[in-house]
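There are 4 protein chains.
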Amino acid sequence: MAAEIDELWGEDLAPVARALLSSAVRCFAARGFTGTTTRDISGGAGLSPAALYVHFPAKEQVLFEIARRGHRSALAAIDLPGCADPDDPAGRLRELVARFVAWHARHHVAARVCQYELAGLTSEHVTEIAAIRREFPERFRAVIADGVEQGVFTPVDVGRVVRAVLSLGIDLVRWYRPDGPDSPEQLGRFYADLAVSMVSGVPGPAAG
Amino acid sequence: MAAEIDELWGEDLAPVARALLSSAVRCFAARGFTGTTTRDISGGAGLSPAALYVHFPAKEQVLFEIARRGHRSALAAIDLPGCADPDDPAGRLRELVARFVAWHARHHVAARVCQYELAGLTSEHVTEIAAIRREFPERFRAVIADGVEQGVFTPVDVGRVVRAVLSLGIDLVRWYRPDGPDSPEQLGRFYADLAVSMVSGVPGPAAG
Amino acid sequence: MAAEIDELWGEDLAPVARALLSSAVRCFAARGFTGTTTRDISGGAGLSPAALYVHFPAKEQVLFEIARRGHRSALAAIDLPGCADPDDPAGRLRELVARFVAWHARHHVAARVCQYELAGLTSEHVTEIAAIRREFPERFRAVIADGVEQGVFTPVDVGRVVRAVLSLGIDLVRWYRPDGPDSPEQLGRFYADLAVSMVSGVPGPAAG
Amino acid sequence: MAAEIDELWGEDLAPVARALLSSAVRCFAARGFTGTTTRDISGGAGLSPAALYVHFPAKEQVLFEIARRGHRSALAAIDLPGCADPDDPAGRLRELVARFVAWHARHHVAARVCQYELAGLTSEHVTEIAAIRREFPERFRAVIADGVEQGVFTPVDVGRVVRAVLSLGIDLVRWYRPDGPDSPEQLGRFYADLAVSMVSGVPGPAAG
DNA sequence: TATGAATGAGCGTTCATTCAT
DNA sequence: GATGAATGAACGCTCATTCAT
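Residue numbers (UniProt numbering), protein chains in the order written: chain A, 1 to 208; chain B, 1 to 208; chain C, 1 to 208; chain D, 1 to 208.
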């Protein structure tokens, strides 16, 4: 069950450390970072309270590892070599949104931690995660700006549309359930269509 | 500063109780429910730690009051008598989205608590708040289903579109800043256009 | 109900002060001095928390008033002009024990406070109450020593017998219930007989 | 000092847990259950406030352990194989009273907690302790009823006499001091004689 | 006289973390 | 590597008491 969580940790970590991270993800997602005790985490991995400190120097470091590896995994997912024609902005946007959304749906538990629990990080670690996070709007901006430039997309406010598309992908971690009607890929395709519609319609009547 | 928060509390509460709720909103939004101490709340209102308990029986009740009054305020905001022509689904959808988004932007601090901190409630209170929350998708569903039925909107998957529109309005509490480029109303109009475009475009190629 | 408690307070106290003392007696007896809050006391008299301080300067003073008036009442009860023949030590002992026991049974709620809650007093007040308490063994000692001297009683160890008789009268506050089989007077007569038997039998085989 | 307290805890408890129980006994006896703080208990054992919770889940459980082990110890003390001739009710009563009294005198500090602080227990624990407590009057009733039946004792009201004998043994925890004139065994022998005299004298004149 | 609001001190308990084993 | 015991620093909450009204 919930094998998706374990996929996020690399082979560089000891199995026990990976089990602790997986337990922590489940705890943080369910009760939040401050609402989770170190006993919850180690207990969820079948270990004693002190065991956590054999593998991580502090609770905050556990969150940081989750955030770092989670964000890298998401970035890698959207940066996979694409199948779309580079000269087809709509196809590229569709692929990008589908991947972004599918990753968040598949990893909705870990993603909830990555999106909502960063306040538990030290400011140094926030900075480090923020550097990765900046890449996501960048990817969307590139594709959309391309399409607008080529005249394929409506001349939208790129920043606003990027925010909207990101919101669709992120907010689903709040409500997505794997036993619901949509698989991660189905939801990805649906949101991909919505994204394209956002840059295809006639511009709205003087928004702003 | 942050006078929007105080707007949420009715005249039935003593001024000190309102000040405590406002302080609690700021604390919960910044550090989460479990990350906030009762001393934070009372201190934020310029009171001693024990003062909180003169006005509220427990920290959880403070959260509940915020959630209850916050949700009611949001519902009242979208249920205001409309200016849109009842026979114009697009106009009605635009108005509904604009109001929903503008409320969340204007009250982004309190809204963050209403959207992300409900895990701190007792299960009884969760049930009570959930009853109010169910009204929001209902409002969107009614308008969109109407438009689809009348043939004005594309025959979209209503449930999915409702989720997407709600996500746009909700996720903005994560990133909206009042000193950013958009006023609550501007953002509302922009998202209203996006919502209309979601139900107006040609249906995507076999999504799902 | 429990009108016996009200009998203990003199006319010198305002009715509200008497009601507070009665409430305090019930609370202290049920939950102990430290286990009782000032809110319990004032609430039990139908008053607000602050009302207690209109009539008493502190919670400890309430206990002190109870202890002082309670002990004086008990002493007055055994010091009532006697009906027994002064030359009949057995009759005098019987009367003394009967009165002591009956008072403790009738006032078992207040007596529980007087016997078990004195640790809540300041040391000054302990001294003051101890002065009254010394009178009780004194009364018993006088009668028993008299009987022994006159050769009417067995030559018992007076101090030990006094302790035993006091114990009988005091310990009943732990278990006496007014709806039990014995009225205060019946119990008094029974214990009076026991006391007489203690000083009448053949001395035990080398006790001590 | 006060090595008698430590005798009450079995070998099944860790030494630190036993030290905490001993400290708690001293605190509860001196200041009552509600008057004792958990810091008093752990501090009395030379430990930090949090240490108590390594060994006991709550302050109430500490009281319960004391009450359970104390009552069992007292019951075991009177249930020791007897030296008295089974056909000699007076001898058996003497032995029973002597043991009951000596236990309470020797363990007067713990006994004070067992006799006066049970109000601090949860109702479940009260029930559990009450089941043990019922055995004590049962033991006395058996012997006295036996003597009355055999015609060796005066035909007394057995229930009343049992109450009186128990009161002698219990009330001494209120006043007994080990540096007083009587050793626990001396006091036991004296009270044994008193008990026998209670069932040996001529019945009092119409008590009740 | 009576009270609602307020508070400093403290209570039972929890928690992240340490350390000897 | 793993743990049971221990702890300093809180935390949510309560309490005796005060005071303006």
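No residue lacks a Cβ here, since even glycine has one placed at the ideal position from N, Cα and C.
Just so we're clear, the structure is a prediction, and the values are computed from it rather than from any experiment.
{"Item": "Where Thr38 (chain C) falls: helix, strand or coil (DSSP)", "Value": "helix"}
{"Item": "For Thr154 (chain C), three-class secondary structure by DSSP", "Value": "coil"}
{"Item": "CB contact flag (His90 (chain A), Val165 (chain A), <7 Å)", "Value": "Note that residue 90 (chain A) corresponds to Ala in the displayed sequence, not to His. No, these two residues do not count as a Cβ contact at 7 Å."}
{"Item": "Same chain only: Cβ atoms within 6 Å of Ala206 (chain B), ignoring 5 sequence neighbours per side", "Value": "Any answer about Ala206 (chain B) is weak, because its pLDDT of 45 lies below 50 and its placement is not dependable; what the coordinates show is given next. For Ala206 (chain B), where only same-chain residues beyond five positions count, there are no Cβ hits under 6 Å."}
{"Item": "Backbone CA spacing between Gly208 (chain D) and Glu124 (chain B) [nearest angstrom]", "Value": "For Gly208 (chain D), the predicted structure reports a pLDDT of 45, less than 50, and the residue's modelled location is therefore unreliable. The matter cannot be settled from this model."}
{"Item": "Residue range of the alpha helix (DSSP H) that includes Ala142 (chain D)", "Value": "Glu135 to Glu149"}
{"Item": "Of the listed residues C:Phe190, C:Gly35 and C:Pro86, nearest to Phe100 (chain C) (C-alpha basis)", "Value": "C:Phe190"}
{"Item": "For Trp9 (chain A), three-class secondary structure by DSSP", "Value": "coil"}
{"Item": "Contact set between Phe64 (chain A) and chain B, taken where Cβ atoms lie within less than 9 Å", "Value": "Those do not exist, as Phe64 (chain A) stays about 17 Å from chain B at its closest Cβ, beyond 9 Å."}
{"Item": "Test: Arg168 (chain C) CB closer than 7 Å to a CB of chain D", "Value": "Rather than Arg, the amino acid found at residue 168 (chain C) in this sequence is Leu. Leu168 (chain C) counts as touching chain D."}
{"Item": "Near-chain C residues of the stretch 87-112 of chain D - C-beta to any C-beta below 7 Å", "Value": "none"}
{"Item": "CA nearest to the CA of Tyr176 (chain C), picked from C:Ile78, C:Ala110 and C:Leu47", "Value": "C:Ala110"}
{"Item": "Spatial neighbours of Asp85 (chain C) in its chain, beta-carbon cut-off 6 Å, leaving aside the 5 residues before and after", "Value": "Gly91"}
{"Item": "Residue ranges of each alpha helix (DSSP H) within the UniProt domain \"HTH tetR-type\" (14-74) of chain C, 4 or longer", "Value": "15-31, 38-44 and 52-55"}
{"Item": "Rounded separation between Arg139 (chain B) and Val156 (chain B) - CA only", "Value": "17 Å"}
{"Item": "Interface residues of chain A facing Ala67 (chain B) [CB-CB closer than 9 Å]", "Value": "Going along chain A, no residue has its Cβ under 9 Å from Ala67 (chain B), so there is no contact; the nearest lies around 15 Å."}
{"Item": "Glu185 (chain D) to Leu172 (chain D) span [Cα, whole Å]", "Value": "13 Å"}
{"Item": "CB contact check: Thr34 (chain C) to chain D, cutoff 7 Å", "Value": "yes"}
{"Item": "Host alpha helix (DSSP H) of Tyr176 (chain C) (start-end)", "Value": "It is not in any alpha helix (DSSP H) - Tyr176 (chain C) carries neither H nor E in the DSSP assignment."}
{"Item": "Chain-ordered chain C contacts of Asp171 (chain D) [CB-CB under 7 Å]", "Value": "Ser167, Ile170 and Asp171"}
{"Item": "Among D:Leu118, D:Ser42, D:Leu96 and D:His71, the one whose alpha carbon lies nearest that of Asp193 (chain D)", "Value": "D:Leu96"}
{"Item": "Chain A within 7 Å of Leu52 (chain B), Cβ atoms only", "Value": "no"}
{"Item": "Under 7 Å by beta carbon: chain B residues contacting Ser197 (chain A)", "Value": "Ser197, Met198 and Gly201"}
{"Item": "Cross-chain neighbours of Trp175 (chain D) in chain C, by beta carbon under 9 Å", "Value": "Arg163, Leu166 and Ser167"}
{"Item": "For Ser22 (chain B) and Ala3 (chain B), the rounded distance between their alpha carbons", "Value": "9 Å"}
{"Item": "Residue-chain proximity (Arg160 (chain D), chain C), Cβ-Cβ < 7 Å", "Value": "yes"}
{"Item": "Nearest candidate by alpha-carbon position, reference Val126 (chain C), set C:Ser48, C:Leu80, C:Phe64 and C:His108", "Value": "C:Phe64"}
{"Item": "Under 8 Å by beta carbon: chain D residues contacting Ala119 (chain C)", "Value": "Ala30, Arg31, Gly32 and Gly35"}
{"Item": "Leu121 (chain D), buried or exposed, once every other Cβ within 10 Å from all chains shown has been counted against 16", "Value": "buried"}
{"Item": "Min CB distance Phe190 (chain D) to chain C below 7 Å", "Value": "yes"}
{"Item": "Cβ neighbour criterion (16 or more within 10 Å) applied to Gln150 (chain C)", "Value": "exposed"}
{"Item": "Beta-carbon neighbours of Leu194 (chain A), restricted to chain B and to distances below 7 Å", "Value": "Ala164 and Met198"}
{"Item": "Assigned exposure category for Glu7 (chain D) - 16 Cβ within 10 Å defines buried", "Value": "exposed"}
{"Item": "Where Thr122 (chain B) sits in the DSSP three-state scheme", "Value": "coil"}
{"Item": "Check whether His71 (chain A) and Ile132 (chain A) have beta carbons under 7 Å apart", "Value": "yes"}
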